[in-house]
Amino acid sequence: MIHSYSPVLIANHQIQKLKMNRHLFVCFKLTILLVVLVQHRDVQAQSAVYICKETGRWGVAWDDGNAPRMSMEQTKKEALKRCTDWGGKDCQLFFSTTNKGWYSFFQGGEKGKYVFAIGKSLVSEKESMKNAMDDYLQKGGIIQPGCETSSWHTPKDAITKKKN
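Count the sequence shown with our numbering and you get residues 18 to 181, in order.
Here it is, written out as structure tokens:
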């Protein structure tokens, strides 16, 4: 049996399919929006530094915005782990921030007399290092061979879950 449909009937059917597809697309977009709203997140950059005053060891960690992303809690745990892994005996939180930008850490001194400093900048790594050295000198540090530095940048907003 051969069916013959008029062009008007076929056109009406195609229009109904397009309307249905648009409706499904709108429903899909609304579902995505709802999921995003339910999973509300606060965006912040984060980094942390742990130090051991006894050994002069330290650990730095930050979320650079690339996968896998780290929460502030994970960032602190990683910095503490690095301090301990690198010889720290009693690592304590020295610095943490949720602000994005350039950061530099500066450490120097001799057994039991270590000086630790942080420099921050929204402009450049060079400026953050200058600020760290200034802070180090203001705290009585002496720039000499053996001083250690670390610089990092948190260029993208990092994600931390916000409890509802």
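Think of the CB as a built atom: it goes at the ideal place given N, C-alpha and C, for glycine as much as any other residue.
Buried or exposed (CB count within 10 angstroms, at least 16 for buried), residue i
i	result
Ile-192	This structure does not reach residue 192, given that the chain is present from 18 up to 181, and the question cannot be answered.
Lys-93	buried
Ala-62	buried
Ala-84	exposed
Gly-129	exposed
Gly-157	exposed
Glu-165	exposed
Asn-116	exposed
Same chain only: Cβ atoms within 6 angstroms of residue i, ignoring 5 sequence neighbours per side
i	result
Glu-95	Ala-78
Leu-139	Gly-118
Thr-101	Cys-108
Ser-167	Val-77, Phe-122
Arg-99	Gly-76
Gly-104	Thr-72, Arg-74
Gly-97	The amino acid occupying residue 97 in the given sequence is Leu; Gly does not appear at that position. These residues qualify, in order along the chain: Tyr-67, Cys-108.
Residues of its chain near residue i, where Cβ-Cβ distance is below 7 angstroms and the 5 sequence neighbours each way are ignored
i	result
Gly-73	Gln-124, Gly-126, Tyr-131
Lys-70	Tyr-131
Lys-5	For the chain, the structure presents residues 18 to 181; residue 5 sits outside this window and is missing.
Tyr-153	Phe-123, Gly-125, Val-132, Ala-134
Contact belief for residue i with residue j at Cβ below 8 angstroms, rounded distance in angstroms
i	j	result
Trp-169	Tyr-120	5 angstroms
Ser-141	Ser-64	That belief does not hold up - the Cβ atoms of Ser-141 and Ser-64 are roughly 16 angstroms apart, past 8 angstroms.
Residue i beta carbon near the ligand FMN (any heavy atom closer than 7 angstroms)
i	result
Ala-62	You won't find the ligand FMN in this model; it holds no ligand whatsoever.
Nonlocal neighbours in the same chain, by C-beta distance under 8 angstroms from residue i, ignoring five residues either side
i	result
Gly-163	Gly-125
Phe-111	Val-66, Tyr-67, Ile-68, Trp-75, Phe-133, Ile-135
Met-146	Ser-121, Phe-123, Gly-136, Thr-166, Ser-168
Worksheet item: At which residue ranges does the stretch 104 to 141 contain complete beta strand (DSSP E) runs of 3 or more residues, listed in the order of the chain?
Response: Entirely contained in the stretch 104 to 141, the beta strand (DSSP E) runs reaching 3 residues are, in chain order, 109 to 114, 118 to 127, 130 to 138.
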